[in-house]
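Below is one structure, written out as structure tokens, with a few remarks after it.
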Amino acid sequence: MNGTYFLSLIIFSPLLGIILLAFVPKTQEQTIKLLGFLATLPSLILALFAFVQYLRGYDLNRLAEKHNWIHFGKFSFLTESTFAVDYELNVDGFALVMIVLTALLATLAAVASIHIKKEWKGYFMLFLLLEIGMLGVFAAGNLLLFFIFFEITLIPMFFLIGKWGYFEKEKAAYSYLIYNGIGSAILLIVILILFARTGTSNISLLKEMLHNPAAKAQLIAPISNDLQYGLFIALLVAFGVKLPIVPLHRWMLRVHVQAPPSIVMLHSGVLLKIGAFGLIRFGLGLFPEQFRHFALFIAILGVVNLLYGAFLAFTQDDFKMVLAYSSISHMGIVLIGLGALNEAGIQGAIFQVVSHGFISALLFLLVSIFYERAHTTMLGNLGGAAKAMPLTAGFLLAGAMASLGLPGMSGFISEFTAFLGLFKVAPIIAAIGTIGIIMTAAYLLRAVLNITYGTAKRDYREVVDIQVIEIVPVLVLLGLIIFIGVYPHILAHPLQATIETMLDGLGG
Amino acid sequence: MMENAWLIPLFPLFSFLILLLVGKRMKETSAYVGIIMTFLSFIGAVAVLLERLDAPTYKAEQVWFTIGSIKITAGFEVNALNALMLVVVSLVSFLVHIYSKGYMHGDDRFSVFYAYLGLFTFAMLGLVMSPNLLQTYVFWELVGLGSFLLIGFYFYKEEAKAAAKKAFIMTRIGDVGLLIGMILLFWQAGSFEYDHIFAAVKAGNVSQTMITLSAILIFIGAVGKSGQFPLHTWLPDAMEGPTPVSALIHAATMVAAGVYLVAALFPLYEASETAMLTVAIVGGFTAIFAASIGLVQTDIKRVLAYSTVSQLGYMMLALGSGGYVAGIFHLTTHAFFKALLFLAAGSVIHAVQTQDIEKMGGLWRKMPLTAPLFLIGTLAISGVPLLSGFFSKDEILVAAWTHGHSVLFWIAVLAAFFTAFYMFRLFFLVFSGEGRHEAKEVHESPAVMTFPMIVLSVLAIFSGYINTPWFGTFLGDWLTDEGFAHEEAPSWIMVVATVVSLLGILLAWLMYGRRSLARDWLSSRAPLTYNVLFNKYYIDEFYAMTFGYVTKFISVLCKYIDRFVVEGIAVAIAAITKAIGAFGARLQNGQVQMYGAVTLIGLTILVVILAFTGGYL
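Residue numbers (the working numbering), protein chains in the order written: chain A, 1 to 508; chain B, 1 to 617.
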């Protein structure tokens, strides 16, 4: 494995697809869909290759890339590297897992995109651009690069929702843009303040400068304790929009309901996770002191998210809304784990990030398959679908079981580990949180059984069950969910180093 | 064989996977896959049991995954209790697999049924050989899944859908208790391992409060699974599932898992008097409570379901009174005679196509095999001397008398009377007198169905002899490593037990057999009591009025908060932004004076900021 351009290759290989798509006439549906799908493969293959190599002991530091990029000013008092923004990429175990998740979900979402009805060319070009942004976010070595990739995801997403969504797609797209725009603006302010005070935006260098007393002397300008708290809270809000933390969640409901399901697979599976990733990487990584002070508050936010989402999911009439609130509820587990701030908690939070990525992607894939046949996801109009579509119904039930944390599936491991962590530090809060476990079962069974069990409320005679091309991605996701649930070591092992580093930052 | 005991649960898992993949094409030959695989499990279980009879406990474990420095292990353990449970579970499962071939004949989803049975059997066998609490929890949930799928097997029926959902959620409430208790114990004892927990408790490393708290929390899990009051309501509804399922899951195996769990954690419970008392009281109350409901029900399966709840209460009472052996002994004999009763009931339902006992009657002659087999089960559960139930029930009464509270003892005696009465009421209504059913031709069930019942009836008669005060307490000695001393209890207990059971039978015979007592004796004299009993003490209605409404209320409240408060704030912020924008737009009026003024104000603000902060915050 030649390290020098490997990460760039993973991130930018979808670009090749975009260029090739530009030369395909927009009426050639089959070619466009095939090309769109194929363009996601190089990233996936390379990412899996890197992952396997890492499991076999490859040192990820050798993948790091660095090239000179932007330099500000030529003042005598500045050294060569100060106020320089380089193009630098690097990954650790956590980032690599996220890259594999992203590349995999992108491929599967590309398969699920067969249900897209119009303007395939534009769709797939934006789709691939979105993938570049998502992959880049996880590999970025400095804050500015992170921000650029973060913004790259915003634009294609806006158009994908606004153009290929359902009835209220425009409103959803604007809502998405405004909320995330505000989040981005706050993030940018934080990044710029850090950059101005320290003279660098390199993440590992920043860690050093903020905590090593010797390095603190080299700051361009001092960063007071109050300012650190301010910056931390700003980060919490910025990534809280993305995650989302209640009450910053309204935008994502619209996106879940209005965007095409194949895009929601990526949105719920990866984009929301950027919020968690940012919170862990920057909130916890750069401001461990502040994070510790806010830990209990974050745990409470987590319980609020968990319960609020669960109770709301219980009253929804639209299956997509149930899943949207379910995502909010499940992100509560991430916060619960982070709030625990011990080995178990942090591992549980990261497990949940990955596990929920697969599970929500699976559920939205099934929504896409189901909508294609029933043309509605309103619970009141559905029922008894298991008779006409036994396989689809079975997969839907399996997805619900994964989501409600059935042991043997990945959701259980993450939920259990996160709660294990929180029970150590705050048993009462954790005990309140466990109500969420019951409610999750209640709302998921209510929704799924309403669709698949009971008497049929509509005519399913014309309906055919799930097709082979749709089964493959479903099986891949379900297989991974079960694999992680049965053999969690596959995730625990690559994450170990990352978690240890974080706990070191916390000072044990 | 003991070191290969892990193979035992894998056979049914294999059956599940095979049938999931190719079951549709195999149609009814699917049954053979399931039967052969569970038979292999049964053979393995018997081999393990025989080896364990005079060998020490075998345990194998390895690291499952790590959480930082914490190592979570997985493996299996063959101790006396586990070896016994393996045989009971695999045997009943094997027999039910055979029986179902006849019972489910002609069903569209025949292979799916067998697949689910395989999944359940796998999980149940895995549960009873888990060496630690976490692994127990994993299989605990998986048996719940198996139960859920099989209750909802007739998914197109609204009742089945509701029952499946209810079973899952009610048991999950209990499961959360188990989860919390387990995690609390983990942080106290530093491990999920049964051995380590017991060692920590013994060494006094766990505070008394913590022992009591976690023991009671874990007991909540057992309450959910074993249908104990107040989480019992799902079990009677679970009768919506096919009858073989009721026999396997909701009589013999899964519902006994709660009893098994308390037994497996017995040293923990013994360390806390409060926890023991809680178990005993909940068990004793459930025993009498469910039996009283069983007196007036008219659905054959529901009578048996309430009887199961009541008998499980008996087992809990035994454990709570310190009767470790008594509890497990009754679990074993109950598994056989209750499975027999359910299978026989299934045979009857199969023949007359109804579950309403008011519409049965006169089947003694028409079902010459089923009827006597059902009678054997009825005699066994009623505690008639020399049958299995007599010995195990006696053991429980002895335990309750010597260690428990005397009130609990008399409750248990009364419950035994009720049991004998409602079981023979059932028997007489179904088999004696004139036929009240609409089915024209009533046939005895095929041999594939009667064979398993015959095997079970033999066990229902003779399985009691593994532990009797007369011939030897083999089971007790073995379960407790010779440390078991059969309490020298007053011999009148056995007499009392026999008398109440015979009285119950006599009363049932007078009312429903000979009919010299009016049948509406209770309903005419105390209509209120009758209605309360018939409507199961209105517990379901009570839950719907309280927990149901509270949940709905919170949900709707959240919904409005979300729609108006949260969204309202967002709209307000948007409005403020818009207002600022509109204000800014008005400044753009093309007049130089205005622009000059704005520039000056802006500059002033910037200068002030610079002066105060030096450019940095």
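We treat Cβ as the ideally placed atom computed from N, Cα and C, and that holds for glycine.
Just so you know, these numbers come straight off a predicted model, no measurement behind them.
In DSSP terms, what residue i is bridged to
i              : result
L422 (chain A) : Answer is none; L422 (chain A) lacks a bridge partner.
H67 (chain A)  : A:Y87
F65 (chain B)  : B:I72
M378 (chain A) : A:D318
G472 (chain B) : B:T468
A221 (chain A) : Note: A221 (chain A) sits in no beta bridge, so no partner.
N202 (chain A) : A:N142
Any chain A beta carbon closer than 8 Å to residue i
i              : result
F65 (chain B)  : yes
L261 (chain B) : no
K301 (chain B) : no
A572 (chain B) : no
L10 (chain B)  : no
S15 (chain B)  : no
K27 (chain B)  : no
Y314 (chain B) : no
G357 (chain B) : Strictly speaking, residue 357 (chain B) in this sequence is Ile, with Gly absent from that position. So, not an interface residue.
D562 (chain B) : yes
T546 (chain B) : no
L206 (chain B) : The sequence shown places Val at residue 206 (chain B), rather than the Leu named in the question. Output row for V206 (chain B): interface = no.
F168 (chain B) : yes
I197 (chain B) : no
G152 (chain B) : yes
L184 (chain B) : yes
K338 (chain B) : no
Y137 (chain B) : yes
Y187 (chain B) : In the sequence as displayed, the identity of residue 187 (chain B) is Trp instead of Tyr. By this cut-off, W187 (chain B) is an interface position.
8 Å contact criterion, which residue i and residue j should meet: CB distance rounded
i              : j              : result
F148 (chain B) : A164 (chain B) : 5 Å
V303 (chain A) : G332 (chain A) : 7 Å
G34 (chain B)  : H105 (chain B) : Incorrect: roughly 14 Å between the Cβ atoms, too far for contact.
T419 (chain B) : S310 (chain B) : 7 Å
Q352 (chain A) : I67 (chain B)  : Between I67 (chain B) and Q352 (chain A) the Cβ distance is about 13 Å, and since that is not below 8 Å, they are no contact.
Y497 (chain B) : K393 (chain B) : In the sequence as presented, Tyr is not what sits at residue 497 (chain B); that position holds Ala. The Cβ separation is near 6 Å, so the contact holds.
G93 (chain A)  : P494 (chain A) : 4 Å
V448 (chain B) : G23 (chain B)  : Not a contact, Cβ separation roughly 19 Å.
Chain B within 8 Å of residue i, Cβ atoms only
i              : result
K457 (chain A) : no
E208 (chain A) : no
P488 (chain A) : yes
N2 (chain A)   : At N2 (chain A) the pLDDT is 47, less than 50, meaning the model places this residue with poor confidence and gives no usable figure here.
Y54 (chain A)  : no
F6 (chain A)   : no
G508 (chain A) : With a pLDDT of 47 at G508 (chain A), under the threshold of 50, the modelled position of that residue is not reliable, and no figure is offered here.
M125 (chain A) : no
Y174 (chain A) : no
I191 (chain A) : no
Residue i beta carbon near the ligand FMN (any heavy atom closer than 7 Å)
i              : result
I116 (chain A) : Ligands in the displayed structure: none, and consequently the ligand FMN is not present.
C-beta neighbour in chain C for residue i, strict 8 Å
i              : result
T308 (chain B) : Within the model displayed, chain C is absent; protein chains A and B are what it includes.
Inset, instruction - Please confirm if the stretch 174 to 192 of chain A is in contact with the stretch 208 to 217 of chain A, defined as three or more CB-CB distances below 8 Å between the two stretches. - result: In this structure the stretch 174 to 192 of chain A does not touch the stretch 208 to 217 of chain A; the number of beta carbon pairs closer than 8 Å is below three.
Inset, instruction - Any chance you could list the alpha helix (DSSP H) runs of at least 4 consecutive residues sitting entirely within the stretch 79 to 129 of chain B, in chain order? - result: 80 to 103 and 110 to 127
Inset, instruction - Within the stretch 78 to 144 of chain A, note down every full alpha helix (DSSP H) run reaching 4 residues or more, in order along the chain. - result: 93 to 112 and 120 to 139
Legend entry - Given 8 Å, three or more beta-carbon pairs between the stretch 453 to 472 of chain A and the stretch 374 to 384 of chain A: yes
Legend entry - Cβ contact check for the stretch 370 to 377 of chain B and the stretch 463 to 472 of chain B: 3 or more pairs under 8 Å: Output reads no: the stretch 463 to 472 of chain B does not touch the stretch 370 to 377 of chain B.
Legend entry - Inter-stretch contact at 8 Å, needing at least 3 Cβ pairs: the stretch 275 to 294 of chain B / the stretch 341 to 353 of chain B: no
Inset, instruction - Decide yes or no for the touch test of the stretch 385 to 402 of chain A against the stretch 427 to 438 of chain A: beta carbon pairs closer than 8 Å, at least 3 of them. - result: With a cut-off of 8 Å, the stretch 427 to 438 of chain A and the stretch 385 to 402 of chain A do not count as touching, because too few Cβ pairs lie within range.
Legend entry - Contact between the stretch 408 to 420 of chain A and the stretch 278 to 297 of chain A (3+ Cβ pairs under 8 Å): no
Inset, instruction - Enumerate, from N- to C-terminal direction, the unbroken alpha helix (DSSP H) stretches of 4 or more residues contained entirely within the stretch 531 to 600 of chain B. - result: 539 to 543, 549 to 560 and 567 to 587
Inset, instruction - Give a yes or no on contact between the stretch 106 to 116 of chain A and the stretch 29 to 38 of chain A, applying the rule of three or more CB pairs nearer than 8 Å. - result: yes
Legend entry - alpha helix (DSSP H) runs wholly inside the stretch 396 to 444 of chain B, at least 4 long, in chain order: 406 to 431
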